[in-house]
Structures are given as structure tokens and as C-alpha cells.
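Peer 1: Handing you this structure, nothing more for now.
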């Protein structure tokens, strides 16, 4: 007789058969989720710049200059303080020496970095906004609107930007850095607009854009939601190029005396060095540092721009890997060719030996016959 208080530990085999498929399904779902997560991460990595040496070096240079322009002004003296000795070379008291008027060059360089970066960023934002309006909008709407906006773009494209900025700047005797940035921004957008117009016309014929139109989406929403996100790498590249152009343009205008009159930039430092005859007095510490910073910032932004180009153009992204494969193939091919040449040489030598042996035997037989 069985004990009613005793637990029944017997397991029905049918329960195990029903549990096994559920466990297998759960495992498959987990594997599918992992694969989808890997695919999503792979897609995000493809959109981001590759961690190449160009990108790392460019970011280090640009971030170092930006940090110097943001932090250094809090730890230097007034850049317009003229109580220092004039034209002093670099020393412990003045890291980069002084100017003809006794200004500390390091203090001026710190404030000049801040001013040049502000001019470059504001001018680039203005140029990018105009290029979006005259490029993407023209490429999307098409028709007479496209023709009219393209006409304005072509007119601005054939007019040299820096001479036009010089003409505009001469009408304002007192110029702020905001005015200089505005002048540089409105004279440097045409080239980017042409590139964006071509890309917008290509995206306009895509299926998802047509689906958005059929769904009744407004044109501005189609541009903002469907077209602009696909042009972000190109917009970033154009923005960096506009910063480089604006900083170089501001330095050129300031060197000619047409830059900002109420603020300090790298260009105004070069202008002061030129008017103060720094080259004639061999005061190299006055004009060399701003020139080096301009060159370094341009190089850093260009390296970042090259990394962004690898996103825009897939051929550039896989070019290093293809080059390595070609080199490996050539090296392998040279090894195979050397082996083939050695084998051919060995075969030719063996054939020559085989041909010489019968001739030698025949010659000996003839000689023996003559002797007999």
C-alpha cells in the first residue's frame, strides 16, 4: 500500500517531449537576437569614421587647438597690456616674447585662437545654410525653381570669394569679427551648393522619397526627414571645408588690413607683425606662432575631412585593404614565378644532359670505328 504523504517523483515522458521544443525555440530566438544586434552594431560602425591614423591625428590636433583657445585666455594677461618691454625674445616671463608695443605674444595668440575659431565656425554655419537652401532645395523642387536658384549659384560661383569679401569689407571702416564672418559666409557657399544639388537630384528619384510623396508628406518634411539624413557625411565634409576657407580668408583679409578692428585673431596678429616690421627686426616669435597654428588647424581639419570622405565614397573605404591584397598577391606571384623559373631551368638542364649523353656515346662509337 502506497504512502499518501510521499511525493510522486515520477515524470511523464510526454511532458519532457513538450518542453524540449520550447527550449529549442527559446535558444533559436536568443541566437537570432544576437545576430540582429551584431548586424545593427556593424551597420553603425559602417556609418562612423574608421579609426584610422588620419582621423586620430586630425582629432588630436583640432581638439588641442580648441582647448588652447578655450582654456588659455583664463590664465594669460590682458593681450592689450603694453607695460612689458618691447620686442623681447621668448623667456621665462614671456613664453613667446613681446611685440613692438610690448604686448605679450602668448596672450595675443590665446585670444587670437578664440577669435579665429569663432570666425571660422560662424562663417561655416552661414555658408552651409545657404548651400542647403540653394543646393538641396533646388535639387529637390526641380523645374523653374531649380533653374532660378541654380542661376544665382552659378553667378556666385564665377565671382572670386576673397576679392568680393575685400570689396564688401572696404565699405565698413569699423569691422567686428561677426561682420567679417558674415562676409566670408555669404561669399563661400556656391561650391558646396553645386555638390549638394547633384546629390539631392539623385536622392529625389529614390523609392523611399517617392513613397513619402505618395503618403502626402509636405516637401519640407521630405527634405528634413528623407533627404538631409542621407547627406549628413557630405554636409559634415562641406562644413569642415568651409571652416578652413573662412580661417584662411580671415587671415588674408586681416593681413591686408581689412579684418576685424575690435578683436584679436591670427590674421590681426600677422597684420600687426607686418606693420611693425617684425621680419626686418628678426622678431620671428611674433609671426611664426600664428602661422604654425593656421597650418596645423588646416592640416587637422583636412585629415578629418579625408576620414569623412571614406564614408561618402566606399571605394576610398576599401582602398587600403585592396592595396594590401594587391601587394600580397604580387609577392605571392613573384614567389610562384621564381619557383616556375627554377623548375624550368632544372628541366632545361636535365634535357640538355639527356641530349648530350647520346651524342657522346655516338661520337665514341665513331671514334672506335675509325681506329678499327
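In my numbering, the protein residues as written are 1 to 372.
For each residue, glycine too, the CB sits at the ideal point set by N, CA and C.
Out of 311, 331, 284 and 324, which has the shortest C-alpha to C-alpha gap to residue 105?
Peer 2: Closest option to residue 105, Cα to Cα, is 284.
Peer 1: With a Cβ-Cβ cutoff of 8 Å, do residue 113 and residue 81 count as a contact?
Peer 2: No, the pair does not count as a contact, with Cβ atoms beyond the cut-off.
Peer 1: Can you tell me where the alpha helix (DSSP H) with residue 109 in it begins and where it stops?
Peer 2: Element bounds for residue 109: 105–131.
Peer 1: Compare the C-alpha of residue 103 against each of 308, 269, 307 and 202 and name the closest.
Peer 2: Of the listed residues, the one whose Cα sits closest to residue 103 is 269.
Peer 1: Considering only their Cβ atoms, is the gap separating residue 203 from residue 209 smaller than 8 Å?
Peer 2: Contact flag set, yes.
Peer 1: Can you tell me which of the three DSSP states residue 307 falls into?
Peer 2: Three-state result, residue 307: helix.
Peer 1: Look up residue 98 in the DSSP assignment and give the residues it is bridged to.
Peer 2: Answer is 104, bridged to residue 98.
Peer 1: Taking three-plus beta-carbon pairs below 8 Å as touching, is the region 166–174 in contact with the region 130–147?
Peer 2: Verdict: no, contact absent.
Peer 1: Whole angstroms is fine: what's the gap from residue 299's alpha carbon to residue 107's?
Peer 2: Whole-angstrom Cα-Cα distance: 24 Å.
Peer 1: What are the boundary residues of the alpha helix (DSSP H) that residue 250 is part of?
Peer 2: Counting along the chain, the alpha helix (DSSP H) containing residue 250 begins and ends at 232–255.
Peer 1: For residue 238, count the other beta carbons within 10 Å of its own beta carbon; 16 or more makes it buried, fewer makes it exposed. Which is it?
Peer 2: Looking at its Cβ environment, which holds 16 or more other Cβ atoms inside 10 Å, residue 238 is buried.
Peer 1: Using a 10 Å radius around the Cβ and a threshold of 16 neighbouring Cβ atoms, would you call residue 56 buried or exposed?
Peer 2: Residue 56 comes out exposed.
Peer 1: Which residues in the same chain as residue 230 place their Cβ atom closer than 7 Å to its Cβ, once the five residues preceding and following it in sequence are excluded?
Peer 2: Closer than 7 Å at Cβ, skipping near neighbours: 203.
Peer 1: Would you call the region 240–254 and the region 177–193 in contact, with 3 or more CB pairs under 8 Å?
Peer 2: Output reads yes: the region 177–193 touches the region 240–254.
Peer 1: Is the Cβ-Cβ distance between residue 180 and residue 259 less than 8 Å?
Peer 2: Against a cut-off of 8 Å, the Cβ pair of residue 259 and residue 180 comes out as a contact.
Peer 1: Note the first and the last residue of the continuous alpha helix (DSSP H) segment covering residue 175.
Peer 2: Run containing residue 175: none; DSSP gives neither H nor E here.
Peer 1: Alpha carbon to alpha carbon, how far is residue 93 from residue 385? Give it in angstroms, no decimals.
Peer 2: Past the boundaries of the shown model lies residue 385; the chain is included only from 1 to 372, so the question cannot be answered.
Peer 1: Excluding the five sequence neighbours on either side, which residues of its own chain have a C-beta within less than 7 Å of the C-beta of residue 127, listed in chain order?
Peer 2: These residues qualify, in order along the chain: 185, 188, 189, 192 and 242.
Peer 1: With DSSP as the reference, label residue 261 as helix, strand or coil.
Peer 2: Of the three classes helix, strand and coil, the one that applies to residue 261 here is coil, per DSSP.
Peer 1: Please report how far the alpha carbon of residue 274 lies from the alpha carbon of residue 287, in whole angstroms.
Peer 2: Cα-Cα distance, rounded: 8 Å.
Peer 1: Within 10 angstroms of its Cβ, does residue 206 collect 16 or more other Cβ (buried), or is it exposed?
Peer 2: Exposed.
Peer 1: I'd like the span of the alpha helix (DSSP H) that includes residue 146, first residue to last.
Peer 2: From DSSP, the alpha helix (DSSP H) with residue 146 extends over 143–158.
Peer 1: Report the CB separation of residue 140 from residue 227 in whole angstroms; it is logged as a contact under 8 Å.
Peer 2: Residue 140 to residue 227, Cβ: 7 Å. Contact.
Peer 1: Could you tell me the boundaries of the alpha helix (DSSP H) in which residue 222 lies?
Peer 2: No alpha helix (DSSP H) contains residue 222, which DSSP labels as neither H nor E.
Peer 1: Once you ignore the five residues that flank residue 120 on each side, which residues in its own chain have a CB closer than 7 Å to its CB?
Peer 2: Once the five neighbours on either side are set aside, the close Cβ partners of residue 120 are 243, 246 and 247.
Peer 1: Is the beta carbon of residue 297 sitting closer than 8 Å to the one on residue 136?
Peer 2: No. Outside cutoff.
Peer 1: Would residue 89 and residue 97 be called neighbours here (beta carbons separated by less than 8 Å)?
Peer 2: In contact: residue 89 and residue 97 (Cβ atoms closer than 8 Å).
Peer 1: Quick check: the Cα distance between residue 44 and residue 306, rounded to an integer number of angstroms?
Peer 2: Low confidence applies here, because residue 44 scores a pLDDT of 49, under 50, leaving its location unreliable; read the following figure in that light. Computed Cα separation, rounded: 19 Å.
Peer 1: Roughly how far, in whole angstroms, is the beta-carbon of residue 59 from the beta-carbon of residue 304, given that I think they are within contact range, below 8 Å?
Peer 2: That belief holds up - the Cβ atoms of residue 59 and residue 304 are roughly 7 Å apart, short of 8 Å.
Peer 1: Taking the Cβ atom as the reference point for each residue, do residue 263 and residue 177 lie within a distance shorter than 8 Å?
Peer 2: Yes, they are a contact pair.
Peer 1: Taking C-beta to C-beta, are residue 153 and residue 276 nearer than 8 Å?
Peer 2: No.
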